[in-house]
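Below is one structure, written out as structure tokens, with a few remarks after it.
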Amino acid sequence: MISCRSPVAIVLLLLFCSFWTVESISQNELNELSRKFKYYHSAVRPAAPDNFVSDRNGTFFNIPVEIHLLATRIVNRNLYLEVIIVMSWIDERLRLRELKDRFSMPTEYPPWHPSLVFSPPITSKYTTLAPTTGTMNSYSTIKTTVECQTNAWKYPFESFTCTVSVAPEGDETLTVTQFHDLRTHTQKLLTNVF
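Mind the numbering: the sequence shown is residues -24 to -1, 1 to 170 in mature numbering (1 follows the signal peptide of the UniProt record, and there is no 0), read in order.
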């Protein structure tokens, strides 16, 4: 029996359960994707109106971003980081009304993805599709040590400045809609990052 007393543990459990609800692809789903991808071009950006946002500077392709900070720890005066970056958009060309369950996109059918530059680079990535709506979710994981800048003369009271960036190469706009800090209280105290 598993007992969860920490709200962080409950949120982590819910986050991982949502990843596990993605089912492997069936033959029926594979056939539907094969039919759709006959005329699908992954170089063409989706044109669904829900993807666009307008302001006084113009109309932009907006990509909502969720950041899930899983772990941090100091390693040799640098910061070890585990983070999941979730991006979502609607690709109306991939609406499959015959299918109901969200599934992970197979590598032989690559959908359109925003052209992004991650620093540090991502360690893993996968994409899911909700076939009834055409909603794509891209999960990018970063597990690496990030180089930090510090004033060494302030040791042991120095503070570290570490940079993690995600930048679009095209004219897409990234909007951070949610930030979830899923680290334990001990990790927060040890790294003093809140």
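Every residue gets a Cβ at the ideal spot worked out from N, C-alpha and C, and that includes glycine.
It should be emphasised that the depicted structure is a prediction, and the values quoted were computed from it without experimental measurement.
Discussion item. My output table needs one value for T(-4): the three-state DSSP class, helix, strand or coil.
Written reply: In this prediction, T(-4) has a pLDDT of 47, which is less than 50 and means its spatial position is unreliable; nothing more can be read from the coordinates.
Discussion item. Among N54, D147, K119, T153, whose alpha-carbon lies nearest the alpha-carbon of S135?
Written reply: Of the listed residues, the one whose Cα sits closest to S135 is N54.
Worksheet item: With 16 as the cutoff for other CB atoms within 10 Å, does C(-21) come out buried or exposed?
Response: Any reading at C(-21) needs caution, since the residue's pLDDT is 44, under 50, leaving its predicted position unreliable; the model's value is listed next. Taking a 10 Å sphere around the C-beta of C(-21), we find fewer than 16 other C-beta atoms and assign the residue as exposed.
Fill in: Cβ-based neighbour list, E74, same chain, cut-off 7 angstroms, excluding 5 preceding and 5 following
Listed in chain order, the non-local C-beta contacts of E74 below 7 angstroms within the same chain comprise E8, local neighbours out to five positions each way being set aside.
Practice prompt. Determine the closest residue to K155 out of R21, D31, H17, L46, with distance taken between C-alpha atoms.
Written response: Note on residue identity: the sequence assigns Phe, not Lys, to residue 155. Check the Cα spacing between F155 and each of R21, D31, H17, L46: the tightest is with L46.
Worksheet item: Hey, which unbroken runs of the alpha helix (DSSP H) at 4 residues or more fall wholly within the segment 112 to 169?
Response: Correct list: 161 to 167.
Worksheet item: Where does N27 land, buried or exposed, given buried means 16+ other C-beta within 10 angstroms?
Response: Classification of N27: buried, given that the 10 Å Cβ count is 16 or more.
Worksheet item: Which parts of the segment 1 to 74 are runs of the beta strand (DSSP E), unbroken and 3 residues or longer, counting only runs that do not cross its ends?
Response: Entirely contained in the segment 1 to 74, the beta strand (DSSP E) runs reaching 3 residues are, in chain order, 28 to 31, 34 to 51, 54 to 66.
Worksheet item: If we ignore side chains and look at the alpha-carbon of each, how far apart do R78 and T104 end up?
Response: If you take the alpha carbons of R78 and T104, they lie about 7 angstroms apart.
Fill in: DSSP-derived helix/strand/coil call for residue 171
An answer regarding residue 171 cannot be provided, because it is not within the stretch -24 to 170 covered by the chain.
Discussion item. Within a Cβ cutoff of 6 angstroms, which residues of the same chain sit near T(-4), ignoring the five residues on either side of it in sequence?
Written reply: The predicted position of T(-4) is uncertain, since its pLDDT is 47 and thus under 50; a value taken from the coordinates is nonetheless stated next. Closer than 6 angstroms at Cβ, skipping near neighbours: no residue.
Worksheet item: With 16 as the cutoff for other CB atoms within 10 Å, does E5 come out buried or exposed?
Response: Within a 10 Å sphere around the beta-carbon of E5 sit 16 or more other beta-carbons, which makes this residue buried.
Worksheet item: Taking the alpha-carbon positions, what's the W65 to F133 distance?
Response: If you draw a straight line from the Cα of W65 to the Cα of F133, it comes to about 43 angstroms.
Worksheet item: What whole-angstrom Cβ distance do V29 and M63 have, given they're in contact under 8 angstroms?
Response: V29 to M63, Cβ: 15 angstroms. No contact.
Item to complete: Measure from the alpha carbon of M112 to the alpha carbon of each residue in D157, T160, R69, then state which is nearest.
Response: Taking only the C-alpha atoms, the option nearest M112 is R69.
Worksheet item: Between V51, S80, N33, which lies nearest to S2 when the distance is taken from Cα to Cα?
Response: S80 is the residue among V51, S80, N33 whose C-alpha sits nearest the C-alpha of S2.
Worksheet item: When the Cα of K119 is compared with those of I60, K14, S10, H17, which residue comes out closest?
Response: From the listed residues I60, K14, S10, H17, the smallest Cα separation to K119 is found for I60.
Item to complete: Taking T162 as the reference, give the member of V93, T48, A19, H17 with the closest Cα.
Response: The shortest Cα separation from T162 among V93, T48, A19, H17 belongs to T48.
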